[in-house]
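> This structure is in structure tokens; I'll ask about it shortly.
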Amino acid sequence: MSQHNPAVRSATVTVFASPSSWIESDAVAQCHQVAAFDGMIHVAAMPDLHPGKGAPIGAAMASTVLYPFLVGSDIGCGIAVFPIKLKRAVPEKLAARFPDLDQPLDPGDPLVDSDIPAGHTEGLGTVGRGNHFVELARIGTVFEPGHATRLGFAADDLVLIVHTGSRGLGERILRAHTEVHGAGPAADADAYLAAHDEAVRWGALNRRLLAARVADALGAEFTEPIVDQCHNLVEIRDGVYLHRKGAAPGDGRDVLIAGTRGTHSYLVAAHAGPEANHSVAHGAGRKMSRADALRRGKVKHTVDQLRRTPVGSVVVCGDRQLLFEEAPTAYKRIEQVIGDLVDHDLATPVATTVPLVTYKTADLGSKRGKRGRP
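Residue 675 in this note's numbering is what sits at position 135 of the sequence shown, and the numbering runs on without skipping anything.
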């Protein structure tokens, strides 16, 4: 962590959550620790706030000093929404046709139709682990028909939701910094930002490639995303560095706030102001550590039970441990998170999405992995 001058007053901290929301004290403590960093101005914590490795997840942090550590290793991670048209959407049949998104694309593959940022080909077109996913979903309730029409969708339309980031590229960038400076500030902000911006572009390209791979395998045409917002990044705003770690840009953007594989997600119109550091939540937010989710899940559920969800969707995941770690019960209630955003006038719900197939990692016991139309 940075050196803190006790003569300088800590930054302000605001938590945008109701008293009934699940907010761990450790996460709030991390916000106050960050507020004591040199140059920090304001920390805005979202209702999906939870503890991270040394810094909170679900926070937007404004500072006169650039701290790569506050963005983390998955620079450019975000969520995109792609319209997709299919004749029939039977979850079991479509799950069996998902390609193996653990196998990277060759840079010469026809789906790779643009330059690859930083020339980073490792992991190209793959999802990664943790909370990353690709999901085929149906538009559920539409709260704002006019806004939905402007975005080009209606109730019962199908979409692909892609949540992933810059894979090994962001990790490489952070490691290069921390090996020399630890959690301290960037010695050369411009050099870090140049590498950071490449990772952000790489993450956006990767989301497009994943959507294209799935559309191709399902026999559908690829379409450009109607929403694509990054939630791990830093930007220069009003002359200061605005770090977002698990917080999406909320200044007039459309944002998909992910629930879990067994609940709705919410597409919202964000309108967060300066007190919230122009940011909104990025998802439901964990309420259990991975170890706790694994331990408790094995007592309550079987693997087969976790491959079907309460909303009738199918989960593609060959990693049994990941099935438990990412179980819906490991996360906060998405309705509570959205309610807090609405109550604090940070966002307006536009529509829900309902999962049909959620891909986490290839099920090697099946005949998945063949690209192209069947």
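Don't be surprised by glycine CBs; every beta carbon is placed ideally from N, CA and C.
1) Going by alpha carbons, who is nearest to L886 out of A902, T893 and D794?
2) Out of curiosity, what's the CA-to-CA distance linking R690 and A809?
3) State the start and end residues of the unbroken alpha helix (DSSP H) segment that holds Q861.
4) Have a look at G852, V754 and G799 and flag the residue whose alpha-carbon is nearest the alpha-carbon of T869.
5) For the putative contact between L750 and L834, defined by C-beta atoms under 8 Å, what is the C-beta separation to the nearest angstrom?
6) Please classify K840: is it buried, with 16 or more other beta-carbons within 10 angstroms of its beta-carbon, or exposed?
7) Using 8 Å as the threshold, is the segment 663-677 in touch with the segment 702-720, meaning 3 or more CB pairs across them?
8) Straight-line CA distance for V553 to G592?
9) According to DSSP, is H783 part of a helix, a strand, or is it coil?
10) In the DSSP assignment, find the beta strand (DSSP E) that holds L896 and state where it starts and stops.
11) Should D602 go down as buried or exposed, given a rule of 16 or more other Cβ atoms within 10 Å for buried?
12) Within a Cβ cutoff of 6 Å, which residues of the same chain sit near A726, ignoring the five residues on either side of it in sequence?
13) With C-beta atoms as the reference, is L758 less than 7 Å away from R637?
14) Using C-beta distances below 6 Å, list every residue in its chain close to A567, excluding the 5 sequence neighbours before and after it, in chain order.
15) Pick helix, strand or coil for T552, following the three-state DSSP scheme.
16) If L700 and L626 are in contact, beta carbons under 8 Å, what's the gap, nearest whole angstrom?
In this structure, then:
1) D794
2) 12 Å
3) R860 to E865
4) G799
5) Their Cβ separation, rounded to whole angstroms, is 26 Å, which puts L750 and L834 out of contact at 8 Å.
6) exposed
7) yes
8) 17 Å
9) strand
10) A887 to T901
11) Contrary to the premise, residue 602 reads as Ala rather than Asp in this sequence. So A602 counts as buried.
12) L606, P608 and Y732
13) yes
14) L589, H590, P591 and P596
15) strand
16) L700 to L626, Cβ: 10 Å. No contact.
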